[in-house]
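Asker: Counting in my numbering, the sequence shown runs from 27 upward without gaps.
Yeah, the Cβ is synthetic: ideal placement off N, Cα and C, and Gly gets one too.
Pasting a structure below so you can have a look.
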Amino acid sequence: MKKIIIYIVLLFSLTFTDNSFAQLIKFIETFESPDAESRGWKFINNDGNMVEYPVLSGSFTFTDAGYLYPHAGNYFINYNSLNANDDRLIDEWVISPQIKIDKYDRLSFWCGAVDKSYKDTLRVLISVTENNIQDFVEIDRFKVEGPSTVWHNKTYDLSSYAGKTIYFAVNYYLKDGSALGVSSDNVWIDHFIVENLIGPDVIVEKYELDQNYPNPFNPSTNIIFSLQYDSDVSITIYDALGKQTETLVNRNFKSGRYKVFWNGANYSSGVYFYKIRAISGSNTFEDTKQMILIK
Ligand SMILES: [Ca+2]
Ligand SMILES: [Ca+2]
């Protein structure tokens with residue numbers, strides 16, 4: 027019985043102190059409120075049809091399949107099948123606010139369509155300059171899947187944009203739509219997330235110790251490290267005089283990417299160093315970085 031209690035206590039303390047597995051959500055938009063433009067979103071009906079689409083909807087009624095509700099939050103983006111111009115073109119854009127991208131960032135969103143014999147096409151595009159249509163480069167194009175009322179996840183690795191600020195766009199593009207929606211359909215998107223990947227599932231190319239954030243900090247800061255192979259890892263904090271103040275972690279980790287935090291509440295303002303040592307077989311990786319505690 028005693029052993030079980032100790033085990034439970036240990037389990038709880040691990041759960042609450044070790045956040046090395048939590049994904050970092052950098053950006054999330056579920057359209058809780060419909061004034062998306064005030065948050066930096068841009069909606070463009072580029073085919074010039076007189077009716078304003080895309081729009082934010084709270085729900086959508088299908089005569090044969092019930093209701094579609096948002097994937098998350100209160101509203102979702104609705105591209106309308108009837109909104110083609112005289113040349114049968116549907117070309118409607120949803121453009122995100124600007125987002126700073128780091129290595130191991132991933133973009134996700136959810137989408138859907140009725141999916142009969144229609145040709146609904148969504149393009150996913152990224153701009154590293156401005157948020158005008160001509161600035162975007164396509165990274166994916168796909169036919170949105172149905173059936174009605176179902177949401178499908180799309181996910182994109184953004185690592186190749188690390189260090190840049192980007193806009194992403196989702197463009198409903200269909201050349202042979204029609205005013206009556208004979209060969210086009212309603213398409214919907216919602217719930218955008220940009221997250222920085224953390225955990226044992228992340229594929230890591232090399233050992234790395236990231237700069238802590240925030241920095242300077244008061245009183246706690248995050249330290250992220252990447253392990254190419256399963257490793258015995260220690261992270262140690264030193265003060266400006268080189269005196270060891272604390273050992274943050276000292277255990278085995280699977281290969282992957284992890285986040286730990288240091289709480290400097292009991293220490294005085296000043297420069298500190300954090301040093302990683304990761305040992306895998308005969309390989310040892312070591313790196314040291316500086317951080318500043320300001321109270
Ligand atoms: Ca939503
Ligand atoms: Ca249109």
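#1: Less than 7 Å between the CB of residue 73 and some heavy atom of ligand 2, yes or no?
#2: In chain order, what residues of the same chain have a beta carbon less than 6 Å from the beta carbon of residue 211, not counting five sequence neighbours either side?
#3: Under 7 Å: does the beta carbon of residue 54 sit that close to some heavy atom of ligand 2?
#4: State yes or no: is the C-beta of residue 116 nearer than 7 Å to some heavy atom of ligand 2?
#5: Let me make sure I understand the geometry here. Which of 133, 76 and 66 has the alpha-carbon closest to that of residue 121?
#6: Can we count residue 144 as close to ligand 2, meaning its CB is less than 7 Å from some heavy atom?
#7: Give the list of continuous beta strand (DSSP E) stretches no shorter than 3 residues that lie fully inside the region 145–211.
#8: What are the uninterrupted segments assigned as beta strand (DSSP E) that are 3 or more residues long and contained completely in the region 90–138, given in chain order?
#9: Tell me the start and end of each unbroken beta strand (DSSP E) in the region 235–317 that is at least 3 residues and wholly inside, in chain order.
#10: Who are the Cβ neighbours of residue 159 in its own chain at under 7 Å, not counting the five residues just before and after it?
#11: Under a Cβ-count criterion, where at least 16 other Cβ atoms within 10 Å of its own Cβ denotes burial, should residue 88 be classed as buried or exposed?
#12: Which one or two residues does DSSP pair with residue 214 in a beta bridge?
#13: So residue 235 and residue 251 are in contact, right, with Cβ under 8 Å, and what is the actual spacing, rounded?
#14: Which residues bound the beta strand (DSSP E) around residue 75?
#15: With which residues is residue 83 paired in a DSSP beta bridge?
#16: Identify which residue in 300, 177, 135 and 168 has its Cα closest to the Cα of residue 239.
#17: With a threshold of 6 Å on Cβ separation, who are the neighbours of residue 303 within its own chain once the five nearest residues in sequence on each side are excluded?
#18: Grouping DSSP H, G and I as helix and E and B as strand, with all else coil, what is residue 63?
#19: At a cut-off of 7 Å, would you count residue 79 as near ligand 2, judging by its Cβ distance to the nearest heavy atom?
#20: What is the residue span of the beta strand (DSSP E) that residue 57 lies within?
#21: How would you call residue 93, buried or exposed, if buried means at least 16 neighbouring beta carbons within 10 angstroms?
#22: If I'm right that residue 280 touches residue 256 with Cβ under 8 Å, what's the distance once you round it to whole angstroms?
#23: Rank 231, 124 and 156 by C-alpha distance to the C-alpha of residue 253 and give the top, closest one.
#24: Return the CA-CA distance between residue 241 and residue 314, expressed in angstroms with no decimal places.
#25: Would you mind working out which of 178, 224, 229 and 189 sits nearest residue 213, comparing C-alpha positions?
#26: Strictly by DSSP, which residues pair up with residue 231?
#27: Identify, in the order they occur along the chain, each residue of the same chain with its Cβ nearer than 7 Å to the Cβ of residue 233, setting aside the five sequence neighbours on each side.
#28: Distance check for residue 61 and residue 76, CA to CA, integer angstroms please.
#29: Is any heavy atom of ligand 1 found at a distance shorter than 7 Å from the C-beta of residue 99?
#30: So, at 6 Å on beta carbons, what are the nonlocal neighbours of residue 34 in its own chain, with the 5 sequence-adjacent residues on each side left out?
Answerer: Working from what's here:
#1: Answer for residue 73: yes, Cβ within range of ligand 2.
#2: Leaving aside the five residues that flank residue 211 on each side, the residues in its chain whose CB is nearer than 6 Å to its CB run, in chain order, 107, 139, 140, 144 and 146.
#3: Not under cutoff, so the answer is no.
#4: Within the chosen limit of 7 Å, ligand 2 reaches the beta carbon of residue 116 through at least one heavy atom.
#5: It is 66 whose Cα lies nearest to the Cα of residue 121.
#6: Short note on residue 144: C-beta not closer than 7 Å to any heavy atom of ligand 2.
#7: The qualifying runs are 147–153, 163–169, 178–183 and 191–200.
#8: With a minimum length of 3 residues, the continuous beta strand (DSSP E) runs that stay inside the region 90–138 are 92–94, 102–105 and 116–121.
#9: 246–253, 257–265, 270–279, 282–289 and 296–306, all fully within the region 235–317.
#10: Cβ within range, chain order: 70, 72 and 119.
#11: Exposed: under 16 other Cβ atoms inside 10 Å.
#12: Bridge partners of residue 214 according to DSSP: 104 and 138.
#13: Confirmed, Cβ separation roughly 5 Å.
#14: Taken as a continuous stretch (DSSP letters only), residue 75 belongs to no beta strand (DSSP E), as it is neither H nor E.
#15: Beta-bridge analysis with DSSP links residue 83 to 102.
#16: Closest by C-alpha distance to residue 239, out of 300, 177, 135 and 168, is 300.
#17: Correct list, in chain order: 260 and 312.
#18: In the structure shown, residue 63 sits in a helix (DSSP, three-state: H, G or I).
#19: Residue 79: yes, Cβ under 7 Å from ligand 2.
#20: Element bounds for residue 57: n/a, residue is neither H nor E.
#21: It is exposed - the Cβ of residue 93 has fewer than 16 other Cβ atoms within 10 Å.
#22: Sure, about 5 Å apart at Cβ, within 8 Å.
#23: Among 231, 124 and 156, the Cα nearest to that of residue 253 is on 231.
#24: Near 15 Å, if we compare the C-alpha coordinates of residue 314 and residue 241.
#25: Of 178, 224, 229 and 189, the residue nearest in Cα terms is 178.
#26: When DSSP reads this structure, residue 231 sits in no beta bridge, so it has no partner.
#27: Cβ contact annotation for residue 233 (same chain, cutoff 7 Å, sequence separation greater than five): 252, 253, 254, 304 and 311, in chain order.
#28: Between residue 76 and residue 61, the C-alpha separation is close to 21 Å.
#29: A distance criterion of 7 Å places the beta-carbon of residue 99 in contact range of ligand 1, judged by its closest non-hydrogen atom.
#30: Unreliable placement is indicated for residue 34, whose pLDDT of 45 sits below 50; the coordinate value is still reported in the next sentence. Around residue 34, the same chain offers no residue with a beta carbon nearer than 6 Å, after the five sequence neighbours per side are excluded.
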